[in-house]
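A short worksheet on the structure shown next.
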Amino acid sequence: MSIQVQGVQQSFHGHTILEDLNLTLEPNKIYGLLGRNGAGKSTLLNIISNRIRPTHGTVTLDGESMHDNDHTLGKIYLMSEVNMYPERSRVKNLFKTTRLLYGGFNDAYAAKLVHAFGLDINARFGKLSTGYRSIFKLIIALCVPVDYVFLDEPVLGLDANHRELFYQELIETYSDQPRTFVISTHLIEEIANLIEHVFVLNDHHIIVNGEVPDILAKSYTISGPQTDVEAYTANLNIVGEDHLGGITAHYVYGALENDRPIPDTVKVDHLDLQKLFVILTNTKEEATAYVN
Amino acid sequence: MQFNFNSTEPIYLQVADQIEEAIFTQTFVEGEQIPSTTEISKEFHINPATVLKGMNILVDANLIEKRRGVGMFVIAGAQARIVEKRRDQFYTDYVKKLVSEAKKLHITQAELAKLIERGFSAS
Amino acid sequence: MSTKLRVTTRYLLMNQLKALGEAFLAVIAIFIIIPFILAVVSGNLSDFSLPNTIANFSWGFLIGAFIFLYDSLTYDNFKLFIQNGLSRKTFWAAKIVTTAIIAVIGELFAAFYRYAISAPIWGISAHAALMKTPYSLYGNFFGSNVWINILVSLLFTIIFFIATGITGMAIGGGLALLSKWGQRIVIVVVPVVAIFLIGFVGNSSADKQVHYDFTWLANLLKFLIGYPQHEPAIAGSFSPAVPMITMLIGGAIMAAIAYGFNQLLKVKN
Chain A
1 MSIQVQGVQQ SFHGHTILED LNLTLEPNKI YGLLGRNGAG KSTLLNIISN RIRPTHGTVT
61 LDGESMHDND HTLGKIYLMS EVNMYPERSR VKNLFKTTRL LYGGFNDAYA AKLVHAFGLD
121 INARFGKLST GYRSIFKLII ALCVPVDYVF LDEPVLGLDA NHRELFYQEL IETYSDQPRT
181 FVISTHLIEE IANLIEHVFV LNDHHIIVNG EVPDILAKSY TISGPQTDVE AYTANLNIVG
241 EDHLGGITAH YVYGALENDR PIPDTVKVDH LDLQKLFVIL TNTKEEATAY VN
Chain B
1001 MQFNFNSTEP IYLQVADQIE EAIFTQTFVE GEQIPSTTEI SKEFHINPAT VLKGMNILVD
1061 ANLIEKRRGV GMFVIAGAQA RIVEKRRDQF YTDYVKKLVS EAKKLHITQA ELAKLIERGF
1121 SAS
Chain C
2001 MSTKLRVTTR YLLMNQLKAL GEAFLAVIAI FIIIPFILAV VSGNLSDFSL PNTIANFSWG
2061 FLIGAFIFLY DSLTYDNFKL FIQNGLSRKT FWAAKIVTTA IIAVIGELFA AFYRYAISAP
2121 IWGISAHAAL MKTPYSLYGN FFGSNVWINI LVSLLFTIIF FIATGITGMA IGGGLALLSK
2181 WGQRIVIVVV PVVAIFLIGF VGNSSADKQV HYDFTWLANL LKFLIGYPQH EPAIAGSFSP
2241 AVPMITMLIG GAIMAAIAYG FNQLLKVKN
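Top line first, the protein sequences correspond to chains A, B and C. According to the working numbering, the residues represented by the first sequence are 1 to 292, in order. According to the working numbering, the residues represented by the second sequence are 1001 to 1123, in order. According to the working numbering, the residues represented by the third sequence are 2001 to 2269, in order.
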């Protein structure tokens, strides 16, 4: 029981977008898919949902191919930024179409969400604002009878109140009826405690793939006077550094040396997910821009 | 209840700490139900599994118990157990730190004792 | 028929019937109401004959054009279906089933209109009405029993509509793979080249000086439309069998091409 992405590679016109990518999505978990603009998050989601075909590699659900297969495709839903619905159709008719094509739809929950978000179901999809397009697609995503829901930028254009409401409803429906959610977003802080497992996509590869507490447990800030910090972090996996006045901070991703004494002048803290993400995905230019 | 998300402590431990604190201050009264996993999860955008992990620490510590189909309840005597535990930890959590800071500030033992007396009389 | 194919077909069918209804209303508006208003405005009401206008509708052309155009629309439906967890294969199959159903419904409607409405208004027999259609080339093939000839004409036209629709699917499927720019270029360039080629063939056949020999092409075309091999070629006695088989084979080839293009469909940007 899982979605397996195996050896997926994608290139467009000689440009590599994804390279030898492998990952597993297990049932009933909430995942975060993080990556900078252009890192290939949407491409990966489009490959999983068979909207595009990878140059190499396979995607399977419970061992069955995802390619051109109603049975597996009908068990997933991808909410994406690209608008897939006919512009002239009315919201209420699109709900009906979804019910017909997916073979089910939680009408009662949809009605509740429509009311809570203030969505006009008589409006035509093309006339909705960016925020309400997101809300419309979110409502469908939460009401279709699938095992895997992929949310690509789910809160695009949503104000703070609607974002709050969305996260609450996400947890509510997840608690009532557990299924897998994969959330791809730039608003890392908002989902940092919501996701159990995180993937970070950078430079065509997955550079982080693990349970969030485990990842954060091995992410450290070591700060203090430069010489002491450098002495302590020698040979450790230093992924970034900052300097402020006489204080140096080294960011370490990986295990510390347990038998190495921590000098009194040096402070060891953990990083939060957003900070870790920024450090791991900074370009060289961005990283040096901090160092003054 | 509130969570300090800048804290470097894992979230499930923070959940356990916050519920324990609420029992200690009698916000959650013995014998009564505490908020459900989903309620806490929804309020603070924390994964339900994480909240449950935090609650299980308190179940193991005999502070709360699960009643099937109803929810989590504060066990009788939980507050007393928390007080006992905190007394045990008082030396490491507060006294050691206090003395260490006092030393850095060149406060003598006698001066510190006086300050403590002053603290008691002020409150 | 799998559940997914059934629901996809139902969706396409409902949408197409609705669009076909709208097209019918548009045609009625354009060919009855506007001429009528013009006649009233210009004071030539006596020139306007409602029964004649009604009788002269030839729905077959509208249905053929509609099936072709609707089947060529590909990308928007593909997006909606892949969003709803339906495979390319199912989309393709549902389109073919829908085309067949619309072809049958459309032709039955057109035939009913021709023989039950137009013919009485014109005051002509069913046979005469049949001979006013493009099928007149084959209209007497089955002898004097007009109803058998009409029945075969229905089958013939239905096959023609289906083959036309599937050709539309293949063309639309190919266009859907191109960028907007590519689509524009193809839509402009292909007709120009086709006209040029037709002109070229026509000229070289007429001009015996040039030694391109296109008689084989002429013979092939004659064969394909069912031109009699031995008997004198009298319109009405051509054989509908060869063109029907040709359309079936052509339709199958187009269906295969459409399937190939359909497999290559992907969501853009």
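Positions of the beta carbon are idealized from the N, C-alpha and C atoms, including for glycine.
Inter-residue distance for C:A2218 and C:I2198 is about 12 Å (C-alpha atoms, whole angstroms). Counting the other Cβ atoms within 10 Å of the Cβ of C:N2056 gives fewer than 16, which makes it exposed. If you check the CB distance, A:V149 and A:T98 do not come in under 8 Å. Going by DSSP, A:L61 is part of the beta strand (DSSP E) stretching over H56 to L61. Chain order gives the chain C residues near A:L73 as I2082, G2085, L2086 and S2087, where near means a beta carbon separation below 8 Å.
The shortest C-alpha to C-alpha distance from A:K137 to any of A:F125, A:G40 and A:L187 is the one to A:F125. For B:A1049, the nearest CB of chain A lies under 8 Å from its own CB, placing it at the interface with that chain. Under the DSSP assignment, A:Q168 falls outside any beta strand (DSSP E), being part of the alpha helix (DSSP H) whose first and last residues are A160 to D176. Ranked by Cα distance from C:Y2070, the options C:L2248, C:F2223 and C:A2170 are led by C:A2170.
In the DSSP assignment, A:V268 falls within the beta strand (DSSP E) that extends over K267 to H270.
If you look at A:V155, you'll find it isn't in any beta strand (DSSP E); DSSP assigns it neither H nor E. With 16 or more neighbouring CB atoms inside 10 Å of its own CB, A:S223 falls in the buried class. Chain-order list of chain A residues neighbouring C:S2153: empty, with the shortest C-beta distance near 36 Å, by a criterion of under 9 Å. Within its own chain, the residues whose Cβ lies closer than 6 Å to the Cβ of C:I2225, once the five positions on either side in sequence are excluded, are P2243, listed in chain order.
The shortest C-alpha to C-alpha distance from A:V82 to any of A:T43, A:T248, A:I215 and A:D70 is the one to A:T43. Neighbours of B:K1042 in chain A, taken as residues whose beta carbon is under 7 Å from its own, are Q168, I171 and E172 in chain order. Separation of the CB atoms of A:D62 and C:S2087 is rounded to 17 Å, and the pair is thereby denied contact status at 8 Å. Below 8 Å, too few C-beta pairs join the segment 1041 to 1059 of chain B and the segment 1088 to 1100 of chain B to call them touching: fewer than three.
Under DSSP, the beta-bridge partners assigned to A:Y253 are A:S219. Identification of chain B residues near A:H270 by a Cβ-Cβ cut-off of 7 Å yields T1008, ordered along the chain. Taking a Cβ-Cβ threshold of 9 Å, the residues of chain A close to B:I1046 are I171, N193 and L194, in chain order. Not flagged as an interface residue toward chain B: A:E87, since no C-beta distance is shorter than 8 Å.
In the DSSP assignment, no residue is bridged to C:V2242.
Interface criterion met: the Cβ of C:T2090 is under 8 Å from a Cβ in chain A. Around the CB of C:L2050, fewer than 16 other CB atoms lie within 10 Å, so the residue is classed as exposed.
Counting along the chain, C:I2121 sits inside the alpha helix (DSSP H) bounded by residues A2119 to W2122.
A residue is called buried when at least 16 other Cβ atoms come within 10 angstroms of its Cβ; C:G2060 meets this threshold and is buried. Chain B places a beta carbon closer than 8 Å to that of A:P213, counting this residue as a contact. Listed in chain order, the non-local C-beta contacts of A:E19 below 7 Å within the same chain comprise Q9, H204 and H205, local neighbours out to five positions each way being set aside.
Ranked by Cα distance from A:L216, the options A:A192, A:Y232, A:D228 and A:G246 are led by A:A192.
Taking all protein chains in view, the Cβ of A:G246 is surrounded by fewer than 16 other Cβ atoms within 10 Å, so the residue is classified as exposed. Here C:N2149 is buried, its C-beta having at least 16 other C-beta atoms within 10 Å. By the CB criterion at 8 Å, A:G240 and A:Y251 fall inside the cutoff. C:R2088: member of the alpha helix (DSSP H) spanning R2088 to F2112, first to last residue. Taken through DSSP and simplified to helix, strand or coil, A:D120 comes out as coil. Short of 8 Å from the beta carbon of A:Q6, and not among the five residues preceding or following it, lie these beta carbons of its own chain, in chain order: N22, G57, T58, V59 and T60.
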